[in-house]
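Take a look at the structure set out below.
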Amino acid sequence: MTDNERELRLAEGPNYEPEMNRSGNTPMEKVIEVRLSRRSVLQSLMGATAVNFMGVGLAGCGSDDDNNDGAATGSADAPRAGFNAIPTSRADTVTLPEGYQWAPLIPWGTPITGSYPDYRSDGTNSGEEALQQIGSNHDGMHYFPLNDSSEHGLLVVNHEYIDQQVLHANPATSLPLPQDHVLKEMASHGVSVVEVQRAAAGGSHWEVVRGAYNRRVTALTEMEMTGPARGHDKLKTVYSPDGTRTRGTINNCSHGFTPWGTYLTCEENFRGYFHNTAQSAESQPREQSRYGIADAGDAGSWYNWDKIDSHLPRGMSERFDVSPSGDGANADYRNECNNFGWIVEIDPFDPNSMPKKRTALGRFAHEGIVFAQPKVGEPVVFYSGDDARFEYIYKFVSKALYREGISGDEVMNEGTLYVAKFNDDGSGEWLALDINDATFQTKASAANVSFSNQGDVLINARTAADVVGATPMDRPEWGAVCPRTGMVYFTLTNNTRREDEQTDAPNPRANNSTGHIIRWSEGSGSSFSWDIFLLGGQNGDGKVLPNTAQEAALDDGNLLSCPDGLWFDDSGLMWIQTDMSGSMLAGSNAAGDFGNNQMLAAEPDTGVIKRFLTGPNNCEVTGVVTTPDRRTMFVNLQHPGGDSEPGAFTSHFPANDGFSRPRSTTVVITRKDGGIIGS
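Each residue of the sequence shown is one higher than the one before, starting from 1 at the first, in UniProt numbering.
See below:
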């Protein structure tokens, strides 16, 4: 990592991802002969008929009427946010509407397995102890009920990364790193599976059950490679000469859950963990350079796990140096980074099962994965975004047809990966990334790009998407599918690198610091119809564009910036979470002061949006799910005090005692009257 990149990452937060798409994709030039001006694009998007522009009509999620009659007036059973919006806040705590309460659950360091070592507030827990505790920086999450219970279940939580200044009692300041320092960091990544139940005190008080389901999946856990890339030459290492195994999962951001009862964790910014110390960017293979793996000219990786005073067993630390050093791939770790950037399936009900990396879904910086509603006798459909500037939105369609009792091996190993092309007229097309597809072959040949087989296409999914002319987006983040209409929503959190000449209808703003939300409805064949639901910002820049009403400016009760997390509850109410960082989170940004990060509830059919929660200092609000009865909500608050220095913490959440180190935490939210959340 160069000094400049380090400064950018500190300024823009832990999700900083450099611009690596240099394909020069400008899909509009390939679709229309005359490009719309930026001004006319904005006018067409923000007019009273924005979501009906160019003859494309989209139904609002509040209606389940195929004719969209309900959306025109707001159907009687449409989701409604029944609470009073709260103002922005800079309090170092959780703020909720009147009538709601919260309590912390499973903060970082909570013991859940093994000998159940207690968390030590001075940061002196060892690496071995961290393997038995809740990991760091909670992100995506799902609740799996036990016996259909809304008071007893498995909570599965992602742990995206670590704050070294908070994780360690005395963070290492020089290289090589102590072995236990690296082990603790690896152990604090990954996923926690933990059995939880409502405590006797009731309300928002839940507790950990010391049960057999509890499990940690970390950066050290053995995993199976599955799908078309399994056994590919570019996955082979000295650890797995046949390319069928790897170890660990890292930078686990958002998630998914399957109709057959498993959990999907998504490997996002994996690039920052590796360093090619021998090759320049020009000589790196494309599966490194297109993804931004640090090259010989960089000082190191984010955590320098390969630079250690006493290496961990079986090459656990050496593997993060992906330089060619032996006589072929089977003698070194030149391909290790290719084993990351995948969707990983975990069975939360079988603690002895081996997690499986599903290569059919493509390799990129997966923010999350979301299912279309499965239908018996039809393929299963997934959507996932590549969270980096000017990257793409993908769709996977299974070869297998859905049925009750189907498994992940049947659904997620064979199918077709597509990438989205958004046209300026509100139409869209899914472009197949399939080596056997004639159009793909023609475009690859025209671009002078070759792939050895489908496994190579999937390992290099970004390059394949470049070749077919996908639309570069403003950092695709979480997706969500409306349970009423099947309409798909995606957050585009920001892109301050987009310039005027790069704007288009789906990404209409240059220097897009406040982000937006796009949505689409599937059409026939590979077509879809899209529009923009919301533009983040304030002072007249922030707007909601529902299909049933004229545009409305965001106001004090809902102004937001950098939409990130996104989730529909079963009623169709859409929950939006934000991830501001750097100067914007500090309130010193030109875009305005939005307070701390927040969560809002939206009625998609009316465009009503209300702020429901504000988080503690410097945190990201990320990850949300309710119990089946919707009377308990779990929300993750990641990296409170994210700009802390050792002993100088800018947050003391959740202890809020004025001196404790901050801890990423899942919080439990309930209504004081026991009612349904959000109604």
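Glycine is no exception: its CB is placed at the ideal position from the N, C-alpha and C atoms.
Asked                                                                                                                                                                              : Found
Count the C-beta pairs between the stretch 363-370 and the stretch 505-522 that are closer than 8 Å, then say yes if the count reaches three, no if not.                           : no
I'd like the span of the alpha helix (DSSP H) that includes G408, first residue to last.                                                                                           : G408 to V411
As a quick exercise: from S280, C619, F382 and A444, pick the residue whose alpha carbon is nearest that of E414.                                                                  : F382
Give the single residue among M20, D242, G426 and A590 whose Cα lies nearest to the Cα of N507.                                                                                    : G426
Per DSSP, what kind of secondary structure is K672 in: helix, strand or coil?                                                                                                      : coil
In three-state terms, what does DSSP make of Y333?                                                                                                                                 : coil
On a Cα-Cα basis, can you pick out the residue from P87, N558 and I106 that is closest to E98?                                                                                     : P87
For T416, which of S398, N423 and I406 has the nearest alpha-carbon?                                                                                                               : S398
In the DSSP assignment, what residue or residues form a beta bridge with M599?                                                                                                     : Q577 and L613
Report the rounded CA-to-CA distance for D564 versus G326, giving the unit in angstroms.                                                                                           : 42 Å
Would you mind giving the Cβ-Cβ distance between V419 and Y402, rounded to the nearest angstrom? I have them listed as a contact below 8 Å.                                        : V419 to Y402, Cβ: 23 Å. No contact.
Below 8 Å on the Cβ atoms is my contact criterion, and I expect G248 with T265 to pass it. Report the Cβ-Cβ distance as a whole number of Å.                                       : That pair is no contact at about 11 Å.
Residues in the same chain with beta-carbon distance under 6 Å from G227, minus the five sequence neighbours each way, listed in chain order, please.                              : R358, T359, A360 and N413
Under 8 Å by Cβ, that's how I've got F490 and G385 pegged, so tell me the actual separation to the nearest angstrom.                                                               : 6 Å
Answer yes if the stretch 285-296 comes into contact with the stretch 146-159, meaning at least three C-beta pairs across the two stretches below 8 Å, and no otherwise.           : no
Residues bridged to W567 by DSSP?                                                                                                                                                  : W575
F634 lies in the beta strand (DSSP E); which residues open and close that run?                                                                                                     : M633 to Q638
Compare the beta carbon distance of W342 and E267 with 7 Å and say whether it is the shorter of the two.                                                                           : yes
Who are the near neighbours of P476 in its chain, counting only those whose CB is closer than 8 Å to its CB and skipping five residues on each side?                               : E367, G385, D386, D387, E391, Y392, I393, F490, T491 and L492
Classify E19 as helix, strand or coil using the three-state DSSP reduction.                                                                                                        : coil
Identify every run of the beta strand (DSSP E) within the stretch 248-331, keeping only runs that are complete inside it and at least 3 residues long; order them along the chain. : 252-257 and 263-267
Straight-line CA distance for D541 to A553?                                                                                                                                        : 7 Å
Using the Cα positions of D531 and W478, report the straight-line distance between them to the nearest angstrom.                                                                   : 17 Å
Here's the rule I'm using: 16 or more other beta-carbon atoms within 10 Å means buried, otherwise exposed. How should D66 be labelled?                                             : Note that D66 scores a pLDDT of 41, beneath 50, so its modelled location is shaky; the value from the coordinates is reported in the next line. The residue is exposed, with fewer than 16 neighbouring Cβ atoms inside 10 Å.
Work out the CA separation of P241 and P452 for me, nearest whole Å.                                                                                                               : The question names Pro, yet the displayed sequence has Ser at residue 452. Taking the straight line joining both Cα atoms gives about 19 Å.
In chain order, which continuous runs of the beta strand (DSSP E) of length 3 or greater are located wholly inside the stretch 195-219?                                            : 206-208 and 215-217
Please give the ranges of any alpha helix (DSSP H) in the stretch 135-181, keeping only runs that are unbroken, at least 4 residues long and fully inside the region.              : 164-167
Classify F659 as buried or exposed, calling it buried when 16 or more other Cβ atoms lie within 10 Å of its own Cβ.                                                                : exposed
Starting from D386, follow its DSSP beta bridges and name the residues at the other end.                                                                                           : H366
Counting pairs of Cβ atoms below 8 Å between the stretch 167-184 and the stretch 194-212, do you hit three or more?                                                                : no
Rounding to the nearest angstrom, what Cα-Cα distance links F594 and A296 in this structure?                                                                                       : 40 Å
Who are the near neighbours of R90 in its chain, counting only those whose CB is closer than 8 Å to its CB and skipping five residues on each side?                                : G587, G595, N596 and N617
If you draw a straight line from the alpha carbon of G57 to that of P79, how long is it in whole angstroms?                                                                        : The predicted model places G57 with a pLDDT of 45, which falls under 50 and marks its position as unreliable; any figure quoted below should be read in that light. If you take the alpha carbons of G57 and P79, they lie about 21 Å apart.
So, does the stretch 620-638 touch the stretch 166-174, judging by three or more C-beta pairs under 8 Å?                                                                           : no
For my contact list, N539 and A85 are in at a C-beta cut-off of 8 Å; report their separation, rounded to the angstrom.                                                             : At roughly 18 Å, the Cβ-Cβ gap does not stay under 8 Å, so N539 and A85 are not in contact.
Along the alpha helix (DSSP H) that carries T463, what are the first and last residues, could you check?                                                                           : A461 to V468
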